[in-house]
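Undergrad: Chains as they are written, first to last, in numbering that gives the first Met the number 0: chain A, 0 to 116; chain B, 0 to 116. C-beta atoms are modelled at their ideal positions from N, C-alpha and C, and glycine is treated no differently. Sharing a structure here in structure tokens format.
2 protein chains.
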Amino acid sequence: MRTIVTKNVFFAISDPTRRAVLDLLAGGSRTAGAIVARFPRLTQPGISKHLRVLRDTKLVDVTVRAQERVYTIKPQGLAELYEWVAKYQAMWPDTLEALERYLDARAAGEKARRKKR
Amino acid sequence: MRTIVTKNVFFAISDPTRRAVLDLLAGGSRTAGAIVARFPRLTQPGISKHLRVLRDTKLVDVTVRAQERVYTIKPQGLAELYEWVAKYQAMWPDTLEALERYLDARAAGEKARRKKR
DNA sequence: ACGCTATATGACTAGTCGGTTATTTAACTC
DNA sequence: GAGTTAAATAACCGACTAGTCATATAGCGT
Chain A
0 MRTIVTKNVF FAISDPTRRA VLDLLAGGSR TAGAIVARFP RLTQPGISKH LRVLRDTKLV
60 DVTVRAQERV YTIKPQGLAE LYEWVAKYQA MWPDTLEALE RYLDARAAGE KARRKKR
Chain B
0 MRTIVTKNVF FAISDPTRRA VLDLLAGGSR TAGAIVARFP RLTQPGISKH LRVLRDTKLV
60 DVTVRAQERV YTIKPQGLAE LYEWVAKYQA MWPDTLEALE RYLDARAAGE KARRKKR
């Protein structure tokens, strides 16, 4: 088959758990243990493997503190992703301001969805 | 295992071929056949399956024209993705202008791609 | 040194992914 | 209708994913 794809950001964020970890770290650095504690349905090695992917794809940084590992988000790692999505902004409703409004409206109208241009 | 994840945009764009298809469609609508022709290393059913994923995740629209299927990008489908990434922008260097500069610098610094607006 | 705590790694596994070839569906042309 | 073209689906397969449990690594406190 293929998959010589050398794990990248797109792969990293394709998993909901990894996105949740990033979302968690967006609120501040945390130790591996603290992260594990936030995912009661997964085991410690399970989270550890996700953290490895995030490390490998440069989405997080780790610092050693005694036996602990402190994980910090490295949002620059999302630059490639942002860069890719940004290409499509031009096709969006209109300018960035319009986009903001669009997203707001989308968030607001969760149920009401019959407005069709 | 798990994966009750109901294929979403994050999954859709995790595959390089699907991203390439979207990039292609960003240049204008194309028939399925025209898309297939752009990927000589893949077979028609292979591309067809990718197109199905893009359809299911609402990233493209299809219109029927005789036996042909005309695929059109639906960039609103990327809104969720954009929304997610946007959360991290605040942690980026700074404002959008700064981000632009950051990306430009990044593009220039690495392997000078063909991005000049 | 010993045991405890924190985390990573190894070995294994079920399920999914991306690809293939073969077939089906459907609309057009003659 | 018969043949052709366009695209989707079916059936299958190897590779990879995401998870598990068990074990290893390593720093800490006594």
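Near K57/A, what residues of its chain come up, given a Cβ to Cβ distance below 7 Å and the 5 sequence neighbours on each side ignored?
TA: K73 and G76
Undergrad: Going by C-alpha distance, which of K6/A, T42/A, D60/A and Q88/A is nearest A25/A?
TA: D60/A
Undergrad: Can you give me the start and stop residues for the beta strand (DSSP E) that Y70/B sits inside?
TA: E67 to I72
Undergrad: Out of curiosity, what's the CA-to-CA distance linking V52/B and Y70/A?
TA: 34 Å
Undergrad: Under a Cβ-count criterion, where at least 16 other Cβ atoms within 10 Å of its own Cβ denotes burial, should R64/B be classed as buried or exposed?
TA: exposed
Undergrad: Any beta carbon from chain A within less than 8 Å of A19/B's own beta carbon?
TA: no
Undergrad: R54/B and A31/B - do their beta-carbons sit closer together than 8 Å?
TA: No. Outside cutoff.
Undergrad: Can you confirm whether A65/B, when its beta carbon is compared against all beta carbons of chain A, has any partner nearer than 8 Å?
TA: Not an interface residue.
Undergrad: Helix or strand or just coil, what does DSSP make of R18/B?
TA: R18/B: helix per DSSP, three-state reduction.
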